[in-house]
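Enquirer:
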Amino acid sequence: MNCIEARQAIGHLDSGVRPEGPLAEHLGQCELCRQHYGDAMLLKTLGSLKVPEPSPQFLEHALQRATDEAAPTPAPAPARTAKWRIPASLAASFLIAAAAMLIWDQMPEQQAIEIVEQRTPAENVVALEAHRQEVRIVIHSNDEHAAAEVSIELAGNLELEGYAGQQRLAWTTSLKQGANLLVLPVVLHNESGEIRVRSQFGQASHEVNVHVARKSQAGRTAPLVEPFAPVNA
11 MNCIEARQAI GHLDSGVRPE GPLAEHLGQC ELCRQHYGDA MLLKTLGSLK VPEPSPQFLE
71 HALQRATDEA APTPAPAPAR TAKWRIPASL AASFLIAAAA MLIWDQMPEQ QAIEIVEQRT
131 PAENVVALEA HRQEVRIVIH SNDEHAAAEV SIELAGNLEL EGYAGQQRLA WTTSLKQGAN
191 LLVLPVVLHN ESGEIRVRSQ FGQASHEVNV HVARKSQAGR TAPLVEPFAP VNA
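Structural data, given as structure tokens:
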């Protein structure tokens, strides 16, 4: 199983289901796909959590506590004093913070989530050595397609992880209606390079040229996401 097939298989896994067979074997060997699997499971787990409704007593107690803590220190009483009121926005912020703590405390133990920092691979330590990073392409389709053709062409200083020395790759895949995410784990052997991605499904074909630049350890940015530009439809 290669990286592209692994990403597609991960997308079909339900939350809490452990990978098996070829997918499990591939995840044991590919760090980028393991990170992708962790991100996908985190999003699915967060999406399945139900937020408990706070009780009326809790809301009343939280508002009273926020009012008490925000009250100013009493000063010597002048001849006339104005009644001090807590701003509604400040009280609301205290309520939101308190509600968030309540939700976290009430989460079952098996739903506890540890977020681990994703470190840049060791290849980045030495300048201009092979550098791995992900390029993400969004393919929009108005309908479902069981046999869409996708091809990529890489500049000479780029290669797809697991396909060393191959500058052109093509495969057939299925597309769902709406946005489809194509994740390409690339290896960069220079400061920058370009990838040309084409797809054809039904009566439509699309093409995009992606400029890939090396990301430094100190200035990492979010993975690149490029939408397809239609060639003809």
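Sequential numbering of the sequence shown, starting at 11, is according to the working numbering.
We treat Cβ as the ideally placed atom computed from N, Cα and C, and that holds for glycine.
Would DSSP call Ala304 helix, strand or coil?
Expert: Given a span of 11 to 243 for the chain in the structure shown, any question on residue 304 remains unanswerable.
Enquirer: Going by alpha carbons, who is nearest to Glu201 out of Gln143, Val160, Leu23, Thr183?
Expert: If we check each option's Cα against that of Glu201, Gln143 comes out closest.
Enquirer: Spell out a yes or no on whether the segment 215-225 and the segment 35-47 are touching, meaning 3 or more CB-CB pairs, one atom from each, closer than 8 Å.
Expert: These segments do not touch.
Enquirer: For the putative contact between Glu154 and Leu185, defined by C-beta atoms under 8 Å, what is the C-beta separation to the nearest angstrom?
Expert: Right, their Cβ atoms sit about 7 Å apart.
Enquirer: Below 8 Å between beta carbons: does that hold for Ile14 and His46?
Expert: Contact flag unset, no.
Enquirer: Among Ile147, Thr182, Ala156, whose alpha-carbon lies nearest the alpha-carbon of Ala189?
Expert: Among Ile147, Thr182, Ala156, the Cα nearest to that of Ala189 is on Ile147.
Enquirer: Once you ignore the five residues that flank Leu198 on each side, which residues in its own chain have a CB closer than 8 Å to its CB?
Expert: Taken in chain order, the residues that qualify are Ala140, His141, Arg142, Gln143, Asn167, Leu168, Val222, Arg224.
Enquirer: Residues in its own chain within less than 6 Å of Lys54 by CB, not counting five upstream and five downstream?
Expert: So the list reads Ser25, once near-sequence residues are dropped.
Enquirer: Under three-state DSSP, which class holds Pro29?
Expert: In this structure, Pro29 counts as coil in the three-state DSSP scheme.
Enquirer: Check whether the Cβ atoms of Glu204 and Ala156 lie closer than 8 Å to each other.
Expert: Against a cut-off of 8 Å, the Cβ pair of Ala156 and Glu204 comes out as no contact.
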